[in-house]
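Residues in the sequence shown are numbered consecutively from 2, following my numbering. The C-beta atom is built at its ideal place from N, Cα and C for all residues, glycine as well. Reviewing the structure listed below.
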Amino acid sequence: MATPSKTTSPEYSEGSIRVLKGLEPVKQRPGMYTRTDNPLHIIQEVLDNAADEALAGYGKKIKVTLHADSSVSIEDDGRGIPFGLHPEEKAPVIELVYTRLHAGGKFDKGSGGAYSFSGGLHGVGVSVTNALSKRLEVVSHREGSVAQLAFSAGDVIEALEIRPQGGGDRKQGTTVRAWPDPKYFETAVLPMAELMHLLRSKAVLMPGVTVTLVNEKTKDTQQWLYKGGLRDYLMQTLNGEPVIPLFEGAGHADKNADNFAEGEGADWCVAFTEDGQPVRESYVNLIPTSAGGTHESGLRDGLFTAVKGFIELHSLLPKGVKLLPEDVFARASYVLSAKVLDPQFQGQIKERLNSRDAVRLVSSFVRPALELWLNQHVDYGRKLAELAIKAAQTRQKAGQKVEKRKGSG
Numbered sequence: 002m003a004t005p006s007k008t009t010s011p012e013y014s015e016g017s018i019r020v021l022k023g024l025e026p027v028k029q030r031p032g033m034y035t036r037t038d039n040p041l042h043i044i045q046e047v048l049d050n051a052a053d054e055a056l057a058g059y060g061k062k063i064k065v066t067l068h069a070d071s072s073v074s075i076e077d078d079g080r081g082i083p084f085g086l087h088p089e090e091k092a093p094v095i096e097l098v099y100t101r102l103h104a105g106g107k108f109d110k111g112s113g114g115a116y117s118f119s120g121g122l123h124g125v126g127v128s129v130t131n132a133l134s135k136r137l138e139v140v141s142h143r144e145g146s147v148a149q150l151a152f153s154a155g156d157v158i159e160a161l162e163i164r165p166q167g168g169g170d171r172k173q174g175t176t177v178r179a180w181p182d183p184k185y186f187e188t189a190v191l192p193m194a195e196l197m198h199l200l201r202s203k204a205v206l207m208p209g210v211t212v213t214l215v216n217e218k219t220k221d222t223q224q225w226l227y228k229g230g231l232r233d234y235l236m237q238t239l240n241g242e243p244v245i246p247l248f249e250g251a252g253h254a255d256k257n258a259d260n261f262a263e264g265e266g267a268d269w270c271v272a273f274t275e276d277g278q279p280v281r282e283s284y285v286n287l288i289p290t291s292a293g294g295t296h297e298s299g300l301r302d303g304l305f306t307a308v309k310g311f312i313e314l315h316s317l318l319p320k321g322v323k324l325l326p327e328d329v330f331a332r333a334s335y336v337l338s339a340k341v342l343d344p345q346f347q348g349q350i351k352e353r354l355n356s357r358d359a360v361r362l363v364s365s366f367v368r369p370a371l372e373l374w375l376n377q378h379v380d381y382g383r384k385l386a387e388l389a390i391k392a393a394q395t396r397q398k399a400g401q402k403v404e405k406r407k408g409s410g
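Shown next, in the form of structure tokens:
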């Protein structure tokens, strides 16, 4: 057996350990921090910040511009990113937000925090956008001043400049323009359908907020403003006619709630159809959760418990039929928007909510609301019961056929 040569082995000592500083970890392993199929997610990080300002009640407009040079800018009329010195770090806050992985108002979740409900998870957010961009410019309008600075690959290349606001300046707001670096992505092209769906959903979830998309290359401009929120959106996207009127509602914890923080809860709109592909979309603090999660489980649990209770109360279940949650949920289309303090997601791209308490949170508001609605609209309740029972019978028959085939083999 050959013995390894000590002379050819690289030396392993204290000096062999490399400590990744600042945004180096992001550039070394971008896939750990964002999606790398295209740059949409790093643009979404900036968009989420603009949406958080609107969610907190400080903004009414968000504008996204796709520039001819392949850069993307996001402009909002929120409060503007603070640019004074951070009390502990002794560096401008606006610089820290873009150069440190764990910096931002979303960490200040206590009473009086900058963002009670935000989509931020690890606090990496826009610093990842900065790290993976060839160039990034930030302009903040705030408290009578305009501040601007620029970065390249995460490093400051144009130091912070602050000047008094002039006649042509906005009173408040932030503009971020990013040039994503193609070397980090499979393709540098933004998926337009996905981007438009994302912008449209932000407008849906924030009734009264205008979201605009400007494409300099095609000279197209699109604008979304939903005053009717979830109901308007669901009716526009629904496949098939609803069997009963839409069930919509909202429930949020007040300051006296024992188990949840004030403001936590959900808004929902549910439609039941006999045919057509169901439409199912969920969000947590305005972040789309395409892989669902515990808030959707809460909606499912609330719907099932209420419908099952109605069926039992009116003795509607045929003998031999066992009702399962999937029977009630099978023909349900919905848009669900949950507000969760300090949400826990699976993965940095936040596609699935993992917060365990969200099941109970959403269910605790959905169930009593649907129970009341069904008992106030008994005829609609019976129609919904018929739909669920039919789904249960179909499922059981299919199961019996599978059992017969197994037995005959």
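Suppose the cutoff is 8 Å on Cβ atoms and the five residues either side in sequence are ignored; what does the same chain contact list for residue i look like?
| i | result |
| --- | --- |
| I43 | T35, V129, T130, L133, S134, A179, P181 |
| L247 | R232, L235, M236, C270, V271, A272 |
| S6 | For S6, the predicted model reports a pLDDT of 48, less than 50, meaning its position is unreliable and no value from the coordinates is stated. |
| T274 | L239, N240, G241, E242, P243, V244, R332, S334 |
| L41 | L191, P192, E195, L196, L199 |
| A251 | G266, A267, D268, W269, F366 |
As a quick exercise: from the options, pick the residue whose alpha carbon is nearest that of residue i.
| i | options | result |
| --- | --- | --- |
| V27 | V127, D49, A69, E76 | V127 |
| Q345 | N355, S338, S153 | N355 |
| E372 | R332, K320, F305, S316 | F305 |
| E313 | L342, R332, P183, E387 | E387 |
| N260 | V341, F84, V157 | V341 |
| G382 | S316, A393, Q401, G348 | S316 |
| A69 | G32, V190, I95, V329 | V190 |
| Q347 | V285, L200, K384, G230 | V285 |
| P31 | H87, R281, P183 | P183 |
| G79 | R136, Y59, K91 | Y59 |
Could you name the residues of the same chain whose beta carbon sits closer than 6 Å to that of residue i, not counting the 5 residues immediately before and after it, in chain order?
| i | result |
| --- | --- |
| G303 | S364, V367, R368 |
| N216 | L67 |
| V48 | The question names Val, yet the displayed sequence has Leu at residue 48. Correct list, in chain order: I75. |
| V65 | I75, L214 |
The ligand GTP and residue i: does the residue's C-beta get closer than 7 Å to at least one heavy atom of that ligand?
| i | result |
| --- | --- |
| A339 | Ligands in the displayed structure: none, and consequently the ligand GTP is not present. |
State the Cα-Cα distance for the pair residue i and residue j, rounded to the nearest angstrom.
| i | j | result |
| --- | --- | --- |
| L287 | V336 | 12 Å |
| E352 | S291 | 5 Å |
| T211 | A55 | 10 Å |
| K218 | E249 | 40 Å |
| V147 | E138 | 13 Å |
| K220 | V379 | 53 Å |
| Q223 | L214 | 5 Å |
| G111 | F152 | Residue placement at G111 is flagged as unreliable, the pLDDT there being 49, under the threshold of 50; a coordinate-derived value is accordingly withheld. |
| K62 | E46 | 17 Å |
| M33 | W225 | 33 Å |
| D343 | N39 | 28 Å |
For the putative contact between residue i and residue j, defined by C-beta atoms under 8 Å, what is the C-beta separation to the nearest angstrom?
| i | j | result |
| --- | --- | --- |
| A204 | Y227 | 5 Å |
| E187 | T37 | 6 Å |
| G266 | A254 | 6 Å |
| P279 | S334 | 4 Å |
| M207 | A339 | Not quite, the Cβ-Cβ distance comes to about 14 Å (not below 8 Å), so this is no contact. |
| G85 | V94 | 6 Å |
| A393 | K323 | 7 Å |
| L150 | E144 | That belief does not hold up - the Cβ atoms of L150 and E144 are roughly 17 Å apart, past 8 Å. |
| L299 | L362 | Here the sequence assigns Gly to residue 299, which means Leu is not the residue at that position. With 8 Å as the limit, G299 and L362 qualify as a contact, their Cβ atoms being about 6 Å apart. |
| G155 | G23 | 7 Å |
Please work out which residues of its chain come closer than 7 Å, Cβ to Cβ, to residue i, disregarding the five sequence neighbours upstream and downstream, and give them in chain order.
| i | result |
| --- | --- |
| T295 | L354, N355, S356, R357, A359, V360 |
| H142 | G81, Q166, D170, R171, K172, Q173, G174 |
| R101 | S128 |
**Request:** Write down every uninterrupted run of the alpha helix (DSSP H) in the stretch 315-402 whose length is 4 residues or greater and which is fully enclosed by it, in chain order.
**Result:** 326-330, 358-377
**Item:** Length-filtered (4 minimum) alpha helix (DSSP H) runs lying within the stretch 252-317
**Value:** 295-314
**Prompt:** Of all the beta strand (DSSP E) runs that stay within the bounds of the stretch 116-191, which reach a length of 3 or more residues?
**Reply:** 134-143, 146-153, 156-165, 174-181
**Prompt:** What residue ranges within the stretch 38-72 form continuous alpha helix (DSSP H) runs of no fewer than 4 residues, ordered along the chain?
**Reply:** 41-56
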